[in-house]
Amino acid sequence: MTALPDDVQPQPLGIDQEMQVLLSGSAKQQSRPRWRIVAGIAATIGIGALAWPGSRGLLRASAAEAVVEFALKPCLCVFDIDRTLTGKQGWAAVCPKNLEVDGVHDTAFGGQGTLLLSGVAQNMRRTFCSRCYHGIVTAGQASGDGSGERAEILRRMGGTKHTRSDWWQDVAFNPDAEVRSSLVLQAKDGMKQEAVKSMLKWWKSDQHVDIKYEDVHFFDDVRANVEGFQGTGFNARQISCDVRGVVEWDGMFDGQVGGCGATVPEVVADKGVKLC
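This note's numbering applies: residue -5 is where the sequence shown begins, and numbers increase by one.
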């Protein structure tokens, strides 16, 4: 099987006139069997495997190493990292469903320890986000340039098939910074919604993916970060609700941050802003 080229999207992005007609719902094209339309598109753009799955409203892009399904109406799942995609270092016994990644360090909250992946980081494919594009908006640095943590997080999110970028942009806690990547570091707590707004502009202008506010879902362990999304039109959910963190450095963040990180049942497509 042949993987989709980077500039080809499994949604209406103008890659081919027939693709546009198919996805726009033309009455003339709808009279043709779907498998013939898809086969014609595959032949035109040189894709070795492009087919309709059983679920209505999805295109499947097949590759030897993976099968990626995207919703025809683009959606975006944006995650915090520390205590959302990860658990607290050294808490493998407290979080038995988490996974320690040998040889990969995590320096979150000024600590040192082995990276402990949350349930969601291990099982993104089991959530509705498997059909969406992915982004990161975190206040941390994911252990710095070239770290094993950054590489592991990107891989667990589905790689650049889902993020369209492997550049980790540090916005230096400036909520007015222009976001030029789907991977945002040092976003100001309580103002992460501004980074997401700017990120959507990048998705549209640079990646030609027009994602509506209502189809954006944000996940974070800190209450204030989720509350900031109220009234924006985005969807946001606080996670790691059952297990909260202990005091971090200098007596800060007692109970304010997650412990084990996000679980699969917490990552749902509910509308609105939801707190623990």
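For glycine and all other residues, C-beta sits at the position ideal for the given N, C-alpha and C.
Beta-carbon spacing of residue i, residue j below 9 Å
| i | j | result |
| --- | --- | --- |
| residue 159 | residue 172 | no |
| residue 157 | residue 111 | no |
| residue 258 | residue 120 | yes |
| residue 256 | residue 73 | yes |
| residue 75 | residue 136 | yes |
| residue 89 | residue 254 | yes |
| residue 98 | residue 155 | no |
| residue 161 | residue 130 | no |
| residue 260 | residue 213 | yes |
Through-space distance from residue j to residue i, alpha-carbon basis
| i | j | result |
| --- | --- | --- |
| residue 228 | residue 262 | 14 Å |
| residue 107 | residue 124 | 29 Å |
| residue 165 | residue 183 | 12 Å |
| residue 200 | residue 178 | 16 Å |
| residue 250 | residue 197 | 31 Å |
| residue 186 | residue 132 | 8 Å |
| residue 238 | residue 170 | 30 Å |
| residue 215 | residue 114 | 13 Å |
| residue 52 | residue 118 | Bear in mind that the predicted position of residue 52 carries a pLDDT of just 42, short of 50, making it unreliable; the figure below should be weighed with that in mind. Taking the straight line joining both Cα atoms gives about 18 Å. |
| residue 230 | residue 168 | 21 Å |
| residue 223 | residue 94 | 31 Å |
| residue 105 | residue 71 | 27 Å |
| residue 77 | residue 202 | 32 Å |
| residue 141 | residue 147 | 10 Å |
| residue 86 | residue 100 | 13 Å |
| residue 243 | residue 82 | A caution first: residue 243 carries a pLDDT of 47, below 50, which makes its placement in the model unreliable, though a value can still be read off. Roughly 13 Å between the two C-alpha positions. |
| residue 210 | residue 127 | 9 Å |
| residue 220 | residue 189 | 13 Å |
| residue 266 | residue 252 | 21 Å |
| residue 138 | residue 181 | 15 Å |
| residue 91 | residue 84 | 13 Å |
| residue 116 | residue 176 | 20 Å |
| residue 264 | residue 225 | 15 Å |
| residue 218 | residue 268 | 12 Å |
| residue 41 | residue 195 | Model confidence at residue 41 stands at a pLDDT of 35, short of 50, so the residue's coordinates are unreliable and nothing is read from them. |
| residue 109 | residue 134 | 14 Å |
| residue 122 | residue 96 | 28 Å |
Strand pairing of residue i, partner residues [DSSP]
| i | result |
| --- | --- |
| residue 71 | 128 and 211 |
| residue 143 | Bridge partners of residue 143: none, in fact. |
| residue 230 | 212 and 267 |
| residue 177 | 130 and 162 |
| residue 252 | 238 |
Chain C within 9 Å of residue i, Cβ atoms only
| i | result |
| --- | --- |
| residue 143 | Among the chains in the structure shown there is no chain C, since it carries only a single protein chain. |
Three or more C-beta pairs under 8 Å: does that hold for the region 65 to 84 against the region 196 to 210? With three or more CB-CB distances shorter than 8 Å, the region 65 to 84 counts as touching the region 196 to 210.
Can you list, in chain order, the stretches of the alpha helix (DSSP H) that have 4 or more residues and sit fully within the region 180 to 220? DSSP runs (the alpha helix (DSSP H)) wholly in the region 180 to 220: 186 to 199.
Does the count of Cβ pairs from the region 148 to 158 and the region 215 to 234 closer than 8 Å reach three? The region 148 to 158 makes no contact with the region 215 to 234, as fewer than three CB pairs between them are under 8 Å.
Residue ranges of each beta strand (DSSP E) run of no fewer than 3 residues wholly in the region 61 to 113, ordered along the chain? Listed in chain order, the complete beta strand (DSSP E) runs (minimum 3 residues) inside the region 61 to 113 are 61 to 65, 70 to 73, 93 to 99 and 108 to 111.
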